[in-house]
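Undergrad: Submitted below is the structure of interest, expressed as structure tokens.
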Amino acid sequence: MTRIFTLLVFLVSLELAGQIKQPLPSRQQLAWHDMEFYFFMHFGPNTFTDKEWGHGDEPEEIFNPSRLDCRQWVKVAKEAGAKGIIITAKHHDGFCLWPSKYSKHTVRESKWKEGKGDVLKELSQACKEQGLKFGVYISPWDRNHPDYGTEKYNDVFVNMMKELFTNYGPIWELWWDGANGEGPNGKKQVYDWRRFENTVRQLSPTTVIFSDIGPDIRWVGNESGIAGKTNWNYLDTAGYKRGLGAPANDTLQQGNILGKNWIPAECDVSIRPGWFWHANEDTLVKSPECLFDLYLKSVGRGANLLLNVPPDNRGLIHENDVEALIGFKKIKDENFKNNLLKQAKPELLVHDFSSGAGEVTDDSVGTFRTLKKLNRKTTGHGMLFFTFTKKTRLNCISIQEAIQNGQCIKGFEITFWNGGTVVDEIKGSTIGNKRIITFPVKEVTGVSILINDANCLPAISEMAAYLIDEKLIEQ
Ligand code: FUL
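Position 350, counted from 1, in the sequence shown is what my numbering calls 362; the numbers after and before it change by one each time, with no gaps.
Next comes the structure, spelled out in structure tokens:
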């Protein structure tokens, strides 16, 4: 008993001294955070059958895009500002977009290019040529493969991943879908996740692996592209499984404040109602304003945005999607062009900030300003204060935490000043990789940010204030 007590006292004092180390992102995860926004592409037999979940018995010959052009996909992705593309190499219907040796349900059996085509080859090459990252979705659930439901299927899955990494790498992100729609009499597959993970780590240690619970990236708990306003990059996974055994959706959306692993959230959402292309959804493409709003609710809440843009049955991104994506990029560029804080005089109350002020407005997440605790009795930390040379109108603030040091901030307060008078205050919880806050326009002479609660030593890498188009702000 005394030993346990001594250990507890020791742990509490370590915690107070800030000695207990929070999990930190790996180098690959940090690079992933920087990617912020990239494309998802659902493409396969469903594109030709108007289905969302193919049964796996679709004849291969239906896969026959008339004008497939992966260079067009990559060009559109780049024009939209996306930094990579993740393609459904194999969806639940089991159809492989590459001529896998381990399946008889592939592009090789289709009519497309007389069975000589390979979508993964074309896309991975186009990404390389134009400098985009290439990622792959491979569904564990397989409604076609004859071995599904037996131990042999684990070999099949491993061998397929070997083909992917050997022939189409480097693969920056690998997506394991948690869905499984087998009914009560359906096949039950016992997946050998440990083996799957070891295979990837061995073949490609730099790949980040996504699933409901990571190991590197987690699902955000919904398919509407919305991260929690409180969003921790930490997650406890002990006792949880992928699919039905995953943590509750709101836990996935918010993470765990003191979770044991760094597993940040990715927001997957489609530009259309469905994941696959359907002709009758050509008029239902999300507007540029709606895409911008999704950006605010995903990237602007510390997650990444994986926006699904499904190619049509020609094998092209439809004109309506292209228009919406270019409109979105334009809105983002125009509204985030002018960081008003660059013209303001910065100060760090309590510590000397004015000398190193460039750190938070230098457009580099590598430089940052740490904010020490004000004193031992309070939870408050130093305050960044910006004074404008003249009255300034603003309605958006963006803050980035230096997450290379961990995610520390659990409470912040933005204060708007008019001379020495407080005009208004906005409180928030987490910041993480990026937090974008919008509000009705304020005319101020100064703006400050106070970190009023943190789990470890907080550090801000970037901060910006903007006056964005008022129509883009939810009132
Ligand atoms: C889900 C799948 O069932 C959908 O078809 C889609 O692929 C989505 C991204 O993930 O789990």
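Here a beta-carbon is modelled for each residue, glycine too, at the ideal position from N, C-alpha and C.
Is His67 near the ligand FUL, going by C-beta to nearest heavy atom under 7 Å?
TA: Not one heavy atom of the ligand FUL falls within 7 Å of the beta-carbon of His67.
Undergrad: Which same chain residues, not among the five before or five after Ile438, have their C-beta less than 7 Å away from its C-beta?
TA: So the list reads Ile426, Ile449, Phe451, once near-sequence residues are dropped.
Undergrad: Give the secondary structure of Leu215 by DSSP, where H, G and I count as helix, E and B as strand, and everything else as coil.
TA: helix
Undergrad: Around the C-beta of Asn320, are 16 or more other C-beta atoms found within 10 angstroms, so that it is buried, or is it exposed?
TA: buried
Undergrad: Determine, using beta carbons only, whether Ser216 and Pro182 come nearer to each other than 8 Å.
TA: yes
Undergrad: Can you name the residues that DSSP bridges to Gln412?
TA: Glu474.
Undergrad: Relative to the C-alpha of Ile150, which candidate in Tyr252, Tyr203, Lys102 has its C-alpha closest?
TA: Lys102
Undergrad: Taking the straight line between their C-alpha atoms, what separation do you get for Asp364 and Lys357?
TA: Reliability fails at Asp364, whose pLDDT of 46 lies under 50, so the model's placement of it is uncertain and no value is given.
Undergrad: Taking Cβ positions, are Arg447 and Gly314 nearer each other than 8 Å?
TA: yes
Undergrad: For the ligand FUL, any of its heavy atoms closer than 7 Å to the Cβ of Ala191?
TA: yes
Undergrad: Would you check if there are 3 or more beta carbon pairs closer than 8 Å linking the segment 295-305 to the segment 59-70?
TA: Flag = no, the segment 295-305 and the segment 59-70 do not touch.
Undergrad: Taking 6 Å as the limit between beta carbons, can you name the residues of its chain near Gly339, skipping five residues before and five after?
TA: Pro300
Undergrad: To which residues of the same chain is Gln40 closer than 6 Å at the C-beta, ignoring the five residues directly before and after it?
TA: Thr218, Val220
Undergrad: Could you tell me how far apart the beta carbons of Ile415 and Pro37 are, in whole angstroms, since I believe they sit closer than 8 Å?
TA: 6 Å
Undergrad: According to DSSP, which residues form a beta bridge with Val281?
TA: Leu319
Undergrad: Which word fits Leu26, buried or exposed, when buried means at least 16 other C-beta atoms lie within 10 angstroms of its C-beta?
TA: Its pLDDT being 46, under 50, Leu26 is placed unreliably in this model, and the value from its coordinates should be taken loosely. With fewer than 16 other Cβ atoms within 10 Å, it is exposed.
Undergrad: Would you kindly work out how many angstroms separate the C-alpha atoms of Gly190 and Lys113, rounded to a whole number?
TA: 24 Å
Undergrad: Just tell me which of Phe60, Trp85, His45 has its CA closest to the CA of Phe51.
TA: Trp85
Undergrad: Which residue marks the beginning of the alpha helix (DSSP H) containing Tyr180, and which one marks its end?
TA: 164-180
Undergrad: Between the Cα of Gly392 and those of Cys468, Gln412, Leu337, Val453, spot the shortest distance and give me the residue it belongs to.
TA: Checking every option, the nearest Cα to that of Gly392 belongs to Cys468.
Undergrad: Return yes when at least one heavy atom of the ligand FUL lies under 7 Å from the C-beta of Glu64, else no.
TA: The answer is yes for Glu64.
Undergrad: Taking just the CA atoms, how far does Leu303 sit from Ile238?
TA: Straight through space, the alpha carbons of Leu303 and Ile238 are spaced by roughly 12 Å.
Undergrad: Can you find a heavy atom of the ligand FUL that lies under 7 Å from the Cβ of Ile287?
TA: In the sequence under discussion, the amino acid at residue 287 is Trp, which differs from the Ile named in the question. Yes, the Cβ of Trp287 comes within 7 Å of a heavy atom of the ligand FUL.
Undergrad: If you count every other CB in all the chains shown that lies within 10 Å of the CB of Ser366, and 16 or more means buried, which is it?
TA: Low confidence applies to Ser366: its pLDDT is 48, below 50, so where it sits in the model is not reliable, and the reading given next is rough at best. Looking at its Cβ environment, which holds fewer than 16 other Cβ atoms inside 10 Å, Ser366 is exposed.
Undergrad: Report yes or no: do the segment 263-276 and the segment 220-232 share at least 3 C-beta pairs separated by less than 8 Å?
TA: yes
Undergrad: For Gly339, report the span of its beta strand (DSSP E) as first-last.
TA: Run containing Gly339: none in the beta strand (DSSP E); it sits in the alpha helix (DSSP H), 331-347.
Undergrad: Would you grab the beta carbon distance between Ala308 and Cys279 for me? Rounded to a whole angstrom, and I think it's under 8 Å.
TA: In the sequence on display, residue 308 carries Leu and not Ala. About 11 Å separates the two Cβ atoms, so there is no contact after all.
Undergrad: Can you confirm whether the segment 321-329 touches the segment 46-60 when touching is taken to mean that 3 or more C-beta pairs between the two stretches lie within less than 8 Å?
TA: Yes, they touch.
Undergrad: Could you give the DSSP three-state label for Tyr50: helix, strand or coil?
TA: strand
Undergrad: So, is the C-beta of Asn192 closer than 8 Å to a C-beta in chain D?
TA: Among the chains in the structure shown there is no chain D, since it carries only a single protein chain.
Undergrad: Below 8 Å on the Cβ atoms is my guess for Thr59 versus Asn325; work out the distance and round it to an integer in Å.
TA: 5 Å
Undergrad: Determine the DSSP secondary structure at Val459, reduced to helix, strand or coil.
TA: strand
Undergrad: Any idea if Ile269 is buried or exposed, counting beta-carbon neighbours within 10 angstroms, 16 or more meaning buried?
TA: exposed
Undergrad: Where does Asp499 fall in DSSP's three states?
TA: It is not possible to answer for residue 499, since the shown part of the chain is limited to 13 through 487.
Undergrad: What's the gap between the Cα of Ala476 and the Cα of Asn351?
TA: 5 Å
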